[in-house]
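Residue 0 is where the sequence shown starts when you use numbering that gives the first Met the number 0, and the numbers rise one by one after that.
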Amino acid sequence: MNICLSIISDGWGGAETVVHELSHRLSAQGHEVTVLLNDEIVPLFSDIEGITLLPIGRTYSLSHMVRGLLPLGGRRAGPPPHAHDTGWRSTLNNLLRLLYFLRIRRGVVEELRRRNVEVIHSNLENSDILVGMLRAPDIGRMTTIHGRHLPMLLEKEGKTLLERALDGLRGKALGDSVRRMDRVVFVSRWMRDQFTEHMAGDVPQEVIYNGIDLSLFDARRTEPL
0 MNICLSIISD GWGGAETVVH ELSHRLSAQG HEVTVLLNDE IVPLFSDIEG
50 ITLLPIGRTY SLSHMVRGLL PLGGRRAGPP PHAHDTGWRS TLNNLLRLLY
100 FLRIRRGVVE ELRRRNVEVI HSNLENSDIL VGMLRAPDIG RMTTIHGRHL
150 PMLLEKEGKT LLERALDGLR GKALGDSVRR MDRVVFVSRW MRDQFTEHMA
200 GDVPQEVIYN GIDLSLFDAR RTEPL
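This is how it looks when you write it as structure tokens:
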């Protein structure tokens with residue numbers, strides 16, 4: 000099967016570990032695997048043999064987002080791989096990232112079709128937003144929900160009016176994207192319950208807990224408490 004795993008992230012964590020392991024193990028089973036990701040985390044996936052990386056540019060740098068949205072914008076030397084904006088720059092970057100996704104979505108679809116991708120598996124909220132924007136009914140779409148990103152964006156308590164407006168805009172984009180998926184997977188029943196009021200009833204849902212490689216643990220070598 001020709002599979003694309005998608006993740007847009009600013010560092011290493013649980014979801015990144017899941018995508019890394021899935022990429023490695025699906026490729027080892029003989030599947031064609033492409034990983035759609037942002038430039039900042041390309042080094043984290045470059046150690047996997049047999050997969051193809053599809054970088055979409057830096058997505059956590061305000062200066063890159065501005066250049067990417069200009070008619071002649073291109074990739075230039077940017078900040079170190081894991082450097083990204085904070086404060087008001089991060090807030091503005093979140094907004095510009097939505098526009099950037101709209102600009103690149105056609106090219107992403109063309110590249111996925113060129114690679115004969117059959118299904119794309121999205122992880123984390125920014126990837127979900129981009130994948131939900133893709134106009135490709137011939138490619139199956141699914142997402143794994145790793146955290147409370149949508150409920151948190153739609154919460155209003157403790158936010159300024161500007162934060163509410165911008166988070167609401169991102170929340171709507173994320174909610175629309177999740178509801179466009181052919182299947183939604185949650186990593187726990189509790190996580191599924193957090194999304195109950197945000198999910199359309201006709202979207203197929205599953206709970207699949209994250210796996211554990213038991214070979215990494217040896218009870219005989221565990222020190223007693």
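Just so it is clear, CB atoms sit at the ideal spot from N, CA and C, and this is done for glycine as well.
Nearest Cα to asparagine 125 within the set Gly29, Arg169, Pro42 and Met198: Arg169. A distance of 8 Å or more separates the beta carbons of leucine 149 and leucine 95.
A distance below 6 Å between beta-carbons, with the five flanking residues on each side excluded, links arginine 182 to the following residues of its chain, in chain order: Met141 and Pro203. In summary, phenylalanine 44 is buried, with 16 or more beta-carbon neighbours lying within 10 Å of its beta-carbon over all protein chains present.
Straight-line spacing of the CA atoms in arginine 88 and histidine 145 works out to 25 Å. Cβ atoms of valine 116 and threonine 51 stay farther apart than 8 Å, at about 10 Å.
Within the DSSP bridge table, the entry for serine 5 names Leu35 and Ser121 as partners. Distance from arginine 191 to valine 206 at the Cβ level is roughly 6 Å; contact confirmed, criterion being Cβ atoms closer than 8 Å. Relative to the Cα of methionine 180, the nearest Cα in the group Leu165, Thr143, Thr90 and Glu15 belongs to Thr143.
In the same chain as methionine 198, and ignoring 5 residues on each side of it, the C-beta atoms closer than 8 Å to its own belong to Val177, Arg178, Val183 and Gln204, in chain order. The three-state secondary structure of glutamine 204, taken from DSSP, is strand. Relative to the Cα of serine 22, the nearest Cα in the group Ile2, Ile7 and Glu39 belongs to Ile2.
Annotated as distal: serine 121 and serine 8, with beta-carbon spacing of 8 Å or more.
Within the region 121-160, the beta strand (DSSP E) runs of at least 3 residues that lie entirely inside it are, in chain order, 139-144.
Cβ neighbours of glycine 56 within its own chain (closer than 8 Å, five residues either side excluded): Asn37, Asp38, His63, Gly67, Arg74, Tyr99 and Ile103.
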